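Student: For the sequence shown, this note's numbering assigns the number -6 to the initial residue and increments by one for each residue that follows. Just so it is clear, CB atoms sit at the ideal spot from N, CA and C, and this is done for glycine as well. Here the structure is a predicted model, which is why all the values come from computation and not from measurement. Attaching a single structure in C-alpha cells format; questions to follow.
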Amino acid sequence: MAKLTVVFGILLVLLGVFGFVATGSVHYTALIPCAFGVLLAIFGLLAQTPDASRRKLFMHIAVTVGLVGFLGTATSLVNFIQLLQGKVFPYPAAVEAKAAMAVLTLVYVGLCIRSFIAARRAGTV
C-alpha cells in the first residue's frame, strides 16, 4: 500500500496543477489537492520501511489525510451531479476538480481499509 499511496499522492498533485491551470492560474485554492498529494506521497515514502510498526503508523496517518481530503470535498459530488444536470456554476472546472479529488480520496481510503482488514485477518498486524 505504501507505493500505491505515493501514486495517489502524485495523482492529487497533478489534479491540483490541472485545476489551477484550468481556472486561469488565478485561484490558488485550486492547489489544495497538491497539498494533500504531497502529504500522501511523503507518508507513502516513509511507510516504505522494513519496520512494521513504523509502516503501520505512517499508513494510518496517510489514510487519515485521505479521509480528511474526502470529507472536505464530499459535498462537491452533489455539485458535480448538478453541473451535469445543467446548473451553472461560476467555475465549473473547480467543481470538477473537487469532485475528482473526492473520488480519488474515497477510492484511496477504501483501498486502505481493505488492506488493513486483510492485514488484520492475516495476523501480520
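Which value, in whole angstroms, describes the spacing of the CA atoms of Glu89 and Thr16?
Tutor: Each residue's alpha carbon lies about 11 angstroms from the other.
Student: Counting Cβ pairs, one atom from each stretch, are 3 or more of them under 8 angstroms apart for the stretch 101 to 116 and the stretch 52 to 70?
Tutor: As far as the Cβ criterion goes, the stretch 101 to 116 touches the stretch 52 to 70, which means the pair count is three or higher.
Student: According to DSSP, simplified to helix, strand and coil, what is Tyr21?
Tutor: Here Tyr21 sits in helix by DSSP.
Student: State the Cα-Cα distance for the pair Gly30 and Ala95, rounded to the nearest angstrom.
Tutor: The alpha-carbon atoms of Gly30 and Ala95 are separated by roughly 13 angstroms.
Student: How big is the Cα-Cα spacing for Tyr21 and Val10?
Tutor: The straight-line gap from Cα to Cα measures roughly 10 angstroms.
Student: Tell me which residues share the same chain as Cys27 and place their Cβ nearer than 6 angstroms to its Cβ, disregarding the 5 neighbours each side in the sequence.
Tutor: Around Cys27: Val6, Gly9.
Student: When DSSP labels each residue in this structure, what does Phe51 get in the three-state scheme?
Tutor: Phe51 falls in the helix class under three-state DSSP.
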